[in-house]
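K.L.:
In the working numbering, the protein residues as written are 2 to 346. Sharing a structure with you now.
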Amino acid sequence: AFAGSDLKLSYDNNLSFKQVSAAGVVYSSVGDTAERLAGVLHLTAEATAIRIDGREALYVADDKQAIEAVNDAKNYYGDPAADPAVTRVYTSEEISISKANVGLGDVMSKAEATSMLLFGSTKVKVDAKPMITVNVERTRTEREILAYGVVKQENSSLGRGAENVISEGVDGVQDVTYKVTEVNGVLTGSAPLASDIIVAAVDQVIEVGTQYYVSSRNDGGGSGILGWPADGMITSRFGWRSRGWHSGIDVAAPIGTTIFAANPGTVIGADEESGYGMVIRVDHGGGLVTLYAHCSEFYASVGDTVDRNTAIAAIGMTGRTTGPHVHFEVQVDGQAVNPLDYLEE
Ligand SMILES: [Zn+2]
């Protein structure tokens, strides 16, 4: 732990050393001699203390070594002079220096002092703790994908709820600069400061249908043979909608509007269910079942045989609905299918 021959010994400034040999022991240098004498004579040295938050923590030979030891520790994780991306380095603790008279054995070399500040040890030790907390702020620029946006255009000749992609979106490229903070070399924070677009993204353009189809009991754009359940506007179609999967079509009409059976069959359900509200089901045979939900009244009962023109219920607002309509569902072998494929033109 002896720091070197530039120490000013305070015990006796007139001491001089010569290379002598006594009892076979060779004292060959001032440092060697002083080290051997220190244990016997309690030599002290005028040194410089490195103070952490006011407390003397370490001793080195002089102010210059103290300042350099501290600077070496501070710049260990990031040196603003060597790396322009490092914007700030500071310690959480207040570090100062002062003169001190200490035992020779307590004086460290500059490198030892730096190691102690950084790692709490001059050797590799697992349980050692740093004596200081070095905070580094730096900027870091990363090239990233710039996600494309979506532009929606209304199309009044496209059915309400239908969406078509007119042109595909293309991702762009951007450089994002982050302010990064590290504590003793460990990343503790990252926040975007600025971005620079290298390649602009291209918006995806989607057309959104706004047209209402009017469903009369004779004409509604279907392709099959079933009769339409009610006169009214189709306000929601089958398939994925913004609110999720829609298992039928909604035909809006005032409360009390008659709902007709879509084809001859047998009423197999007339119940109150959460979601559907008052719902009536007609079995047409061959695995085909139609369902009419949100009714206000039933005109038929379970077991009734109905015809294509039999009034079976009235439009209502029961269950989960925001307005009066019949939710009309066509099921084939228990599976909901698109009613427009089964309704007549
Ligand atoms: Zn519905």
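Note that CB positions come from ideal geometry on N, CA and C, so glycine has one too.
1. Is there contact here, the segment 266-274 with the segment 237-251, by at least three beta-carbon pairs under 8 Å?
2. Just checking my contact of Gly118 with Thr45 at CB under 8 Å: how many whole Å lie between their CB atoms?
3. Does the beta-carbon of His285, which I'm using as the reference point, lie nearer than 7 Å to any heavy atom of ligand 1?
4. Between the beta-carbon of Ile253 and the beta-carbon of Tyr277, is there less than 8 Å?
5. Closest to Glu113 by CA distance: which of Asp305, Ile256, His285, Ala74 is it?
6. Check whether the Cβ of Ser237 lies closer than 7 Å to any heavy atom of ligand 1, and answer yes or no.
7. Using CA coordinates, which residue listed in Trp229, Glu169, Gly240, Thr267 is at the minimum distance from Val203?
8. Taking 7 Å as the line, does the beta carbon of Gly233 fall inside it for any heavy atom of ligand 1?
9. With DSSP as the reference, label Gly79 as helix, strand or coil.
10. When you compare the CB positions of Ala337 and Ile260, do they come within less than 8 Å of one another, or not?
11. With a 10 Å radius around its C-beta and 16 neighbouring C-beta atoms as the bar for buried, classify Lys111 as buried or exposed.
12. Rounded to whole angstroms, what is the Cα-Cα separation between Ala50 and Gln175?
13. Taking contact to mean at least 3 C-beta pairs separated by less than 8 Å, is the segment 124-138 in contact with the segment 77-87?
14. Does the Cβ of Asp334 have 16 or more other Cβ atoms within 10 Å, making it buried, or fewer, making it exposed?
15. Is it true that the CB of Val283 sits closer than 8 Å to the CB of Gly266?
16. For Thr123, which residues of its own chain have a beta-carbon under 7 Å away from its beta-carbon, when the five flanking residues on both sides are left out?
17. For Asn264, count the other beta carbons within 10 Å of its own beta carbon; 16 or more makes it buried, fewer makes it exposed. Which is it?
18. Any heavy atom of ligand 1 within a distance shorter than 7 Å of the CB on Asp172?
19. Measuring straight from C-alpha to C-alpha, what distance separates Val303 and Gln205?
20. Hey, would you say Val177 sits closer than 8 Å to Ser196, going by beta carbons?
21. Using the rule of at least 16 other Cβ atoms within 10 Å of the residue's Cβ for burial, across every protein chain shown, is Gly421 buried or exposed?
22. Answer yes or no: do Val327 and Pro340 have a C-beta to C-beta separation smaller than 8 Å?
23. Would you report the Cα separation of Ile96 and Lys130, rounded to the nearest angstrom?
24. Got a sec? Which residues, its chain only, sit under 6 Å from Trp241 by beta carbon, not counting five neighbours each side?
25. Got a sec? Which residues, its chain only, sit under 6 Å from Ser285 by beta carbon, not counting five neighbours each side?
P.N.:
So, from the listed chains and residues:
1. no
2. Residue mapping note: residue 118 aligns to position 117 of the sequence shown, counting from 1. Residue mapping note: residue 45 aligns to position 44 of the sequence shown, counting from 1. Correcting the residue type first, residue 118 is Leu in the shown sequence and not Gly. That belief does not hold up - the Cβ atoms of Leu118 and Thr45 are roughly 23 Å apart, past 8 Å.
3. Sequence index remark: in the sequence shown, residue 285 carries index 284 (1-based). Every heavy atom of ligand 1 is 7 Å or more from the Cβ of His285, so no.
4. Locating residue 253 in the sequence shown gives position 252, counting from the first residue. Locating residue 277 in the sequence shown gives position 276, counting from the first residue. As written in the sequence, residue 253 is Ala, which differs from the Ile given in the question. For Ala253 and Tyr277, no; Cβs fall outside 8 Å.
5. Here residue 113 corresponds to residue number 112 of the sequence shown, with the count starting at 1. Cα-wise, what sits closest to Glu113 is Ala74.
6. As a first step, residue 237 must be located in the sequence shown, where it is residue number 236. For ligand 1, at least one heavy atom lies less than 7 Å from the Cβ of Ser237.
7. On the sequence shown, position 202 is the one that residue 203 refers to. With distances taken between Cα atoms, Val203 lies closest to Glu169.
8. Stepping through the sequence shown from its first residue, residue 233 is reached at position 232. Gly233 Cβ: outside cutoff for every heavy atom of ligand 1.
9. In the sequence shown, counting from the first residue as 1, residue 79 sits at position 78. Gly79 falls in the coil class under three-state DSSP.
10. In the sequence shown, residue 337 corresponds to position 336, counting from 1. In the sequence shown, residue 260 corresponds to position 259, counting from 1. No, the Cβ-Cβ distance between Ala337 and Ile260 is not below 8 Å.
11. Stepping through the sequence shown from its first residue, residue 111 is reached at position 110. Buried, because 16 or more other Cβ atoms sit within 10 Å of the Cβ of Lys111.
12. Walking along the sequence shown from the start, residue 50 turns up at place 49. Walking along the sequence shown from the start, residue 175 turns up at place 174. Straight-line Cα distance between these residues: approximately 50 Å.
13. yes
14. As a working mapping, residue 334 is identified with position 333 in the sequence shown. Asp334 should be labelled exposed.
15. For this step, residue 266 is matched to residue 265 along the sequence shown. For this step, residue 283 is matched to residue 282 along the sequence shown. Taking 8 Å as the Cβ cut-off, Gly266 and Val283 qualify as a contacting pair.
16. As a position in the sequence shown, residue 123 is number 122, starting the count at 1. Correct list, in chain order: Glu113, Ser116, Met117.
17. Here residue 264 refers to the residue found at position 263 of the sequence shown. Burial call: buried.
18. Residue 172 sits at position 171 when you count from the first residue of the sequence shown. Checking the Cβ of Asp172 against ligand 1 gives no.
19. The sequence position of residue 303 within the sequence shown is 302, counting from 1. The sequence position of residue 205 within the sequence shown is 204, counting from 1. Cα-Cα distance, rounded: 50 Å.
20. The sequence position of residue 177 within the sequence shown is 176, counting from 1. The sequence position of residue 196 within the sequence shown is 195, counting from 1. Yes.
21. What is shown of the chain runs 2 to 346, which leaves residue 421 out entirely.
22. Position 326 of the sequence shown, counted from the first residue, corresponds to residue 327. Position 339 of the sequence shown, counted from the first residue, corresponds to residue 340. The answer is no: Cβ separation not under 8 Å.
23. Position 95 of the sequence shown, counted from the first residue, corresponds to residue 96. Position 129 of the sequence shown, counted from the first residue, corresponds to residue 130. Approximately 17 Å between the Cα atoms of the pair.
24. In the sequence shown, counting from the first residue as 1, residue 241 sits at position 240. For Trp241, where only same-chain residues beyond five positions count, there are no Cβ hits under 6 Å.
25. Residue numbering aside, residue 285 sits at position 284 when the sequence shown is read from its first letter. Here residue 285 is His; the residue named in the question, Ser, does not match the sequence. Once the five neighbours on either side are set aside, the close Cβ partners of His285 are Asn264, Gly266.
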